[in-house]
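Encoded as structure tokens, the structure appears first; notes follow it.
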Amino acid sequence: MTLFLSLALFSCGEKQDATSTPIDQTLETEPEVIKEYGYVLDDYVVERDTVQSGDSFGKILFDSNVDYATIQEISDSVKNVFDTRRIRVGKPYMLLKSKDTLEAAQVFIYEQNKEDYVVVDFEDDVTAAAKKHPVTIVEREVSGVISSNLSSTFDDLGASVLVSIKMADIYAWTIDFNKLDVGDRFKVIYDERYVNDTVPAGVGNIKACVFEHRGREIYAYRFENDSLPGGYDYFDQNAENLRRAFLKSPLKYGRLSSRYNLKRRIKYYGYRVRPHKGTDFAAPIGTPILATADGVVTKSERRGGNGNYVKIRHNGTYDTQYLHMKKRLAKVGQSVRQGDVIGTIGMTGNSGGPHVCYRFWKNGKQVDPFAEDLPASEPMAEELLPVFDSIKRPLQLQLDNLPFMTEAEDDITEEQEATEALQ
3 MTLFLSLALF SCGEKQDATS TPIDQTLETE PEVIKEYGYV LDDYVVERDT VQSGDSFGKI
63 LFDSNVDYAT IQEISDSVKN VFDTRRIRVG KPYMLLKSKD TLEAAQVFIY EQNKEDYVVV
123 DFEDDVTAAA KKHPVTIVER EVSGVISSNL SSTFDDLGAS VLVSIKMADI YAWTIDFNKL
183 DVGDRFKVIY DERYVNDTVP AGVGNIKACV FEHRGREIYA YRFENDSLPG GYDYFDQNAE
243 NLRRAFLKSP LKYGRLSSRY NLKRRIKYYG YRVRPHKGTD FAAPIGTPIL ATADGVVTKS
303 ERRGGNGNYV KIRHNGTYDT QYLHMKKRLA KVGQSVRQGD VIGTIGMTGN SGGPHVCYRF
363 WKNGKQVDPF AEDLPASEPM AEELLPVFDS IKRPLQLQLD NLPFMTEAED DITEEQEATE
423 ALQ
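Counting from 1 along the sequence shown, just add 2 to a position and that's the residue number in this note's numbering.
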């Protein structure tokens, strides 16, 4: 009897110890491994900074205990991937240093922009690699009604002003965005780019948009094809190219300061007739001057009252000329595309202020480009129409189902009123 009782007590004691053990013990967890750019950060001393005025690749490494001979070897070894002379003030970088008393740099990581970065690794062998952060594309929809101008409307909507700039480029041949009316309205479908899903990296392509100007709706659809100049273009709902063969202005930002006028009289010359066969566009010195159409440069020189100028042959009918440049950035024989920068605004030759005198030639005679019915770009090839239509139809449906801002506000108001009536 005594033996049985002792065994029972022993068994109960074992059971009690087993149940109490988990309460007193805590489980050990593995430390979190933090990696960036493919490196385990805990293996190094990490230094993050931005390039300061006076910094160079060599100075940054020398200050991190890398000798000049090694720095030169690194620069020579990686020059095909990364020009170490071209680091820019304000750009972020990271150094991974040895975990010893010397703390010498072993890896240099340089952020060229939000998407692109370069890794220069000289821990063992010297290597360099140009890489990209993962980018996520998110489709956005925006609609609005013009209250003053396009950019301020986008700003009021909390949308990127870059979208308004892209829209202005798309409609550059059909709408004068300096003369919009209050009440004009738009809808646009576009892509936004994000690095690592969270960091905004700018605006991508505009897929489709519609702009209602003075009661006229103008649709625009992005269509990509290898046969198109530049690989893509924007077309309306009838597959008509929105781009004209010639830009209206050789400046992206500037003002028309003097028109083509064969009867111009100037006080300085005693009010005698001094024909002005060009169209002047004023802008600050250094403003880029654009080729208004595709062509080949036939002249690039400095001569007399013209100052620095470039002349472009576009086809058997049209030539254009750009006078008074500060710098010429196109050479004779060079092929240029519409929108290419061929020079900068200056005051060379006979010029009373910074501007470009834009001259337009038709069949060898100078004419007023604003009085010409300029040709459209090449029409879409007939065999591409079914492909374009398959892209256009769902985008048009998406645009048509997107309410304008005022319509959206009306819907919200009606919903609020209905909710309040039930309360």
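Glycine included, every Cβ here is placed at the ideal spot set by N, Cα and C.
Closest Cα partner of residue i within the set the options
| i | options | result |
| --- | --- | --- |
| residue 164 | 190, 175, 346 | 190 |
| residue 240 | 221, 215, 357 | 221 |
| residue 138 | 194, 96, 98, 179 | 194 |
| residue 366 | 322, 385, 384 | 322 |
| residue 40 | 102, 287, 110 | 110 |
| residue 92 | 79, 69, 151, 116 | 116 |
| residue 401 | 167, 171, 213 | 213 |
| residue 74 | 59, 346, 374, 281 | 59 |
| residue 389 | 319, 104, 226 | 226 |
| residue 293 | 69, 311, 170, 306 | 311 |
| residue 387 | 339, 242, 263 | 242 |
| residue 318 | 48, 298, 196, 304 | 298 |
| residue 340 | 333, 357, 316 | 316 |
| residue 128 | 77, 159, 155, 134 | 77 |
| residue 335 | 105, 329, 307, 303 | 303 |
| residue 352 | 403, 35, 325 | 325 |
| residue 66 | 162, 51, 385 | 51 |
DSSP state of residue i mapped onto helix, strand, coil
| i | result |
| --- | --- |
| residue 406 | coil |
| residue 240 | coil |
| residue 255 | coil |
| residue 92 | coil |
| residue 106 | coil |
| residue 270 | Confidence at residue 270 is low in this model, with a pLDDT of 48, below 50, so the placement of that residue should be treated as unreliable; the coordinate-derived value is given next. Residue 270 falls in the helix class under three-state DSSP. |
| residue 387 | helix |
| residue 61 | helix |
| residue 207 | strand |
| residue 219 | strand |
| residue 249 | coil |
| residue 373 | helix |
| residue 149 | coil |
| residue 378 | strand |
| residue 138 | strand |
| residue 44 | helix |
| residue 427 | The question about residue 427 has no answer here: the residues shown for the chain are numbered 3 through 425. |
| residue 398 | helix |
| residue 195 | strand |
| residue 287 | coil |
| residue 224 | strand |
| residue 393 | helix |
Anticipated Cβ contact below 8 Å, residue i with residue j, distance rounded
| i | j | result |
| --- | --- | --- |
| residue 291 | residue 327 | 6 Å |
| residue 283 | residue 360 | 6 Å |
| residue 122 | residue 84 | 6 Å |
| residue 289 | residue 331 | With a Cβ gap of about 12 Å, residue 289 and residue 331 do not count as contacting. |
| residue 300 | residue 314 | 7 Å |
| residue 426 | residue 278 | Shown here, the chain extends from 3 to 425; a query on residue 426 therefore has no answer. |
| residue 363 | residue 246 | Rounded, the Cβ-Cβ distance is 17 Å, inconsistent with contact. |
Residue span of the beta strand (DSSP E) that contains residue i, given as start and end
| i | result |
| --- | --- |
| residue 344 | 343-347 |
| residue 229 | Here residue 229 belongs to no beta strand (DSSP E), and DSSP marks it neither H nor E. |
| residue 1 | There is simply no residue 1 to check, as the chain begins at 3 and stops at 425 in what is shown. |
| residue 134 | 129-134 |
| residue 184 | Run containing residue 184: none; DSSP gives neither H nor E here. |
| residue 284 | 281-284 |
| residue 119 | 118-123 |
| residue 357 | 357-364 |
| residue 49 | 47-52 |
| residue 310 | 309-315 |
| residue 290 | 290-292 |
| residue 304 | 297-305 |
Segment limits, alpha helix (DSSP H) that includes residue i
| i | result |
| --- | --- |
| residue 321 | Where residue 321 is concerned, there is no enclosing alpha helix (DSSP H), although the beta strand (DSSP E) it sits in stretches over 320-330. |
| residue 168 | 163-172 |
| residue 157 | 152-159 |
Check: residue i C-beta below 8 Å from any heavy atom of the ligand GDP
| i | result |
| --- | --- |
| residue 252 | As for the ligand GDP, it is missing from this structure, which has no ligand bound. |
Counting beta carbon pairs with one atom in the segment 142-150 and one in the segment 223-237, are three or more of them shorter than 8 Å?
no
For the segment 176-190 against the segment 390-397, do three or more pairs of beta-carbon atoms, one drawn from each stretch, fall closer than 8 Å, so that the two count as touching?
no
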